[in-house]
Structure formats: structure tokens, C-alpha cells
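A short write-up of the structure that comes next.
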Amino acid sequence: MSAKENEIAFRRWIEAYNERDRQAETDGRAPGYVAHAPGVPEPLDSDAWEEFIFDVFAGAFPDLHLTVEVIGPGEDTVAARMAYRGTHRGEFQGLPPTGRAIAFTAIEINRMEGGRVTEHWFEFDQGRLFEQLGLTVVPGPRLWPRILGHQTRKLGSKLSGSR
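In terms of our numbering, the sequence shown has 858 at position 159, counting the first letter as 1, and numbering is strictly consecutive.
Written out as C-alpha cells, the structure is:
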């Protein structure tokens, strides 16, 4: 398919999700679909992906809306910078609803065949999402010495440079 046809198919797939049209979103995925998601140890097949985006993500953020900000279509791939916006109204990874608004961006790369997504990679700033939900990432005990050593060296450089 042409780059333009793949762009149209990808945008249609995103809109199906925004409308929570499970059938249309499923139709946008090719047989053998695989997704690669951050924090998930194994690739997700089509059924696991559907559960992840509709039950887990949309369950926690029922008004979640995806916007294509930048798109780079090709003859067999579509890359996009996406904006995600929503409100935390359901449990998310054990965290009860906070009612907080969330907004983050993601990079998505999609392999396309016949106007359908066959393989999907996405990366997003999980730290930003967790911060907006009121969670803080605390460095583990093995990281503290490195952080303190780095800060000590920075301070030493500033002090020796000011003389």
C-alpha cells in the first residue's frame, strides 16, 4: 500500500480506539498482530493487546484521548508522535482513582500490511505519567552512592572553578 493509504489506515485505527469501538480497532490489526509495550516483559498478542488498551488503560482513564501530533508514513511502516490526555478515574496498576488529569506523549512505530497494523512498538514517559498520578520514583540503594558521588564531583568542580 502507499504511504498515504497507510497513514489513513493508522489514523482510522487510532480513531476507533478514541471512540472505544472494539470491533473497528480489532479490524485495524492484522492476523498475527504483536505489540511491544514498555514495562511488559513479553510481546502482547492481539487478545492481550485488546485487554491492555481497553480494560487496563481505558479502564483507568475512561476519557483517554489519543491525538496524532506528527506522522511519518511509509510503504510498510507508520511512525507517529502521539499525545495522550485523560483523567485517572479507575484503578491503574493497583493505584486507586485519583481524579487527576494526565497528559503525556508517546512515540509509536507500526509495521503495516494490507492497511492493517501487524506489529506495534510504543514508548512513553512512564515517569511523567506516574508523577502526574502523585507517585514518585525513588532511587534504589545501589543507585544512591553513584548519585552522591556525581553530585560531590559537580560541587567540587564548581568550588575549584570559583577560585
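Just so it is clear, CB atoms sit at the ideal spot from N, CA and C, and this is done for glycine as well.
My assumption, with CB atoms under 8 Å, is that residue i sits in contact with residue j. Please give the rounded CB distance.
i: Ala715; j: Glu724; result: 4 Å
i: Arg784; j: Val769; result: Actually they are not in contact, since the Cβ atoms of Arg784 and Val769 sit about 16 Å apart, beyond 8 Å.
i: Glu807; j: Phe821; result: 4 Å
i: Phe823; j: Phe791; result: Rounded, the Cβ-Cβ distance is 14 Å, inconsistent with contact.
From residue i to residue j, what does the alpha carbon distance come to, in whole angstroms?
i: Thr817; j: Gly727; result: 9 Å
i: Ile713; j: Leu765; result: 7 Å
i: Ile846; j: Leu854; result: 12 Å
i: Tyr732; j: Gly813; result: 13 Å
i: Pro796; j: Leu828; result: 14 Å
i: Phe751; j: Ala729; result: 17 Å
i: Leu743; j: Arg852; result: 44 Å
i: Ile801; j: Ala782; result: 11 Å
i: Ser856; j: Asn717; result: 51 Å
i: His849; j: Val837; result: 17 Å
Is the CB-CB distance between residue i and residue j below 8 Å?
i: His787; j: Leu832; result: yes
i: Leu763; j: Phe753; result: no
i: Glu774; j: Ser701; result: yes
i: Ala708; j: Arg810; result: no
i: Pro761; j: Gly798; result: no
Give me the residue from the options with the minimum Cα distance to residue i.
i: Gln825; options: Arg711, Val767, Asn717, Val739; result: Val739
i: His735; options: Ala805, Ala702, Arg721, Asp775; result: Ala805
i: Gly793; options: Asn809, Gly758, Tyr732, Val769; result: Gly758
i: Asp746; options: Arg721, Thr851, Ala778; result: Arg721
i: Arg711; options: Leu842, Leu743, Val777, Phe751; result: Val777
i: Glu706; options: Asp744, Trp748, Pro772; result: Pro772
i: His819; options: Pro844, His849, Gly839, Pro737; result: Pro737
i: Glu749; options: Glu741, Val767, Arg719; result: Arg719
Would you give the residue range spanned by the alpha helix (DSSP H) that residue i belongs to?
i: Gly826; result: 825-831
i: Thr725; result: 721-726
i: Glu749; result: 745-749
First and last residue of the beta strand (DSSP E) that includes residue i?
i: Ala736; result: It is not in any beta strand (DSSP E) - Ala736 carries neither H nor E in the DSSP assignment.
i: Ala714; result: This sequence places Glu at residue 714; Ala is not what is there. That residue, Glu714, is in no beta strand (DSSP E); its alpha helix (DSSP H) goes 702-717.
i: Arg810; result: 800-812
i: Ile770; result: 764-772
i: Val777; result: 776-786
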